[in-house]
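Below is one structure, written out as structure tokens, with a few remarks after it.
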Amino acid sequence: MDQHIKQLTQWLKETVKESKTNGLVVGLSGGIDSTVVAYLIKRAFKDDSLGVIMPCKSTEADAEDAELVVEGSGINHLTINLTDQHDALFNNIKQQIEKNGEWNEDKQQLADANLRARLRMSTLYTIATNYNYLVVGTDNQAEWYTGYFTKYGDGGVDLAPLLHYTKSEVRELARTLGVPEQIIKKAPSAGLWHGQTDEEEMGVSYNSIDAFLNGETVSDEDAEIIESMHQRTAHKRALPKSPPDFHHFTLE
Ligand SMILES: Nc1ncnc2c1ncn2[C@@H]1O[C@H](COP(=O)(O)OP(=O)(O)OC[C@H]2O[C@@H]([n+]3cccc(C(=O)O)c3)[C@H](O)[C@@H]2O)[C@@H](O)[C@H]1O
Ligand SMILES: Nc1ncnc2c1ncn2[C@@H]1O[C@H](COP(=O)(O)OP(=O)(O)OP(=O)(O)O)[C@@H](O)[C@H]1O
Ligand SMILES: [Mg+2]
Numbered sequence: 000m001d002q003h004i005k006q007l008t009q010w011l012k013e014t015v016k017e018s019k020t021n022g023l024v025v026g027l028s029g030g031i032d033s034t035v036v037a038y039l040i041k042r043a044f045k046d047d048s049l050g051v052i053m054p055c056k057s058t059e060a061d062a063e064d065a066e067l068v069v070e071g072s073g074i075n076h077l078t079i080n081l082t083d084q085h086d087a088l089f090n091n092i093k094q095q096i097e098k099n100g101e102w103n104e105d106k107q108q109l110a111d112a113n114l115r116a117r118l119r120m121s122t123l124y125t126i127a128t129n130y131n132y133l134v135v136g137t138d139n140q141a142e143w144y145t146g147y148f149t150k151y152g153d154g155g156v157d158l159a160p161l162l163h164y165t166k167s168e169v170r171e172l173a174r175t176l177g178v179p180e181q182i183i184k185k186a187p188s189a190g191l192w193h194g195q196t197d198e199e200e201m202g203v204s205y206n207s208i209d210a211f212l213n214g215e216t217v218s219d220e221d222a223e224i225i226e227s228m229h230q231r232t233a234h235k236r237a238l239p240k241s242p243p244d245f246h247h248f249t250l251e
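The following block contains the structure:
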């Protein structure tokens, strides 16, 4: 993994140079993916890398883990609490829809969760504009393939350095980078509602997704879940659909 870390660091430097920007910013959750990204961007840009801790109705333990990452990596950081802003915006939207009697209770948890991810994205882009930085994503190969991210939320980024690494490879990168074991061992969680874990929500383990991506045999049930997630989320990996140019086409 040493060689990968050197190459990733070099790639980050080149990408920033080509974009004529000054550095990189990432959201720091205290989870392993953003931790690995934080260590990498700090290596690439000693002074022009920034981690942003954005609690949003999340647990104190998550913010403490993120602080541990700041200490371990030495990365510059900001903490911006989004809880009140999320509350205000979500309740405003909810009240307006409720007035029409059209609020969908079944979708409340998901809508609330995705707004958290999109508020974080908006915060990161506001910061990126200020410093002339790029926003770095944390999606790994397993999340990208299954579409397990919020479209234009944590998926709304300028570059995605971990896209070709399975979850177990991200753990290997973390060990090589000297990430504290406490962070490596934590159950992956989007932290979008109390007690959420990725594997419970998806109904399949990262070990199984990694094996599938490596071309190894997994159970039929797991393969079906993975393929179905992949198909349902194809739109997240594509540019927005647009119609044919009707200046040049007439539909029958
Ligand atoms: N066929 C289609 N063509 C074009 N667009 C389509 C579409 N189908 C839905 N859409 C659009 O996409 C939206 C649904 O996608 P999206 O908004 O992403 O929402 P969705 O995929 O339903 O939910 C996001 C999932 O990602 C998980 N997540 C989020 C954030 C972080 C993490 C993590 O691991 O940390 C995990 C979260 O727990 C949840 O399971 C729809 O509201 C609609 O606007
Ligand atoms: N509380 C938070 N503060 C700042 N950024 C956050 C927060 N929660 C989530 N994010 C951002 O959203 C990204 C997606 O979350 P995700 O859970 O997939 O990654 P992770 O937390 O780094 O690792 P893991 O998947 O193992 O939990 C994070 O990597 C991070 O950039
Ligand atoms: Mg997480």
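Using numbering that gives the first Met the number 0, read the sequence shown as starting at 0 and increasing by one per residue.
We put the beta carbon where it would ideally sit given N, CA and C, even for glycine.
Counting only runs of 4 or more residues that sit fully inside the segment 9–55, the alpha helix (DSSP H) segments are 31–43, in chain order. For residue 30, the shortest C-beta to heavy atom distance toward ligand 3 is below 7 Å. By the Cβ neighbour-count rule, residue 216 is exposed, with fewer than 16 other Cβ atoms within 10 Å of its own. Counting along the chain, residue 78 sits inside no alpha helix (DSSP H); it lies in the beta strand (DSSP E) bounded by residues 75–78. A Cβ-Cβ contact shorter than 8 Å links residue 14 with residue 158. Around the beta-carbon of residue 191, 16 or more other beta-carbon atoms lie within 10 Å, marking it buried. In the DSSP assignment, residue 164 falls outside any beta strand (DSSP E) and carries neither an H nor an E.
For the pair of segments examined, the segment 36–55 was found to touch the segment 67–79: the number of CB pairs separated by less than 8 Å reaches three.
Take residue 111, set aside five residues on each side of it, and the residues of its chain with a beta-carbon closer than 7 Å to its own are 89, in chain order.
Residue 200 counts as exposed, since fewer than 16 other C-beta atoms from the protein chains shown sit within 10 angstroms of its C-beta. A residue is called buried when at least 16 other Cβ atoms come within 10 angstroms of its Cβ; residue 241 does not meet this threshold and is exposed. Per the coordinates, the alpha-carbon of residue 79 lies some 14 Å from the alpha-carbon of residue 61. Three or more Cβ pairs drawn from the segment 23–35 and the segment 48–55 lie within less than 8 Å of each other, which places the two stretches in contact. The same chain holds no residue with a CB closer than 8 Å to that of residue 227 once the five nearest residues on each side in sequence are set aside.
Taken through DSSP and simplified to helix, strand or coil, residue 69 comes out as helix.
Checking the 7 Å criterion, the Cβ of residue 136 is out of range of every heavy atom belonging to ligand 3. Put simply, the backbone Cα of residue 125 is about 28 Å away from that of residue 233.
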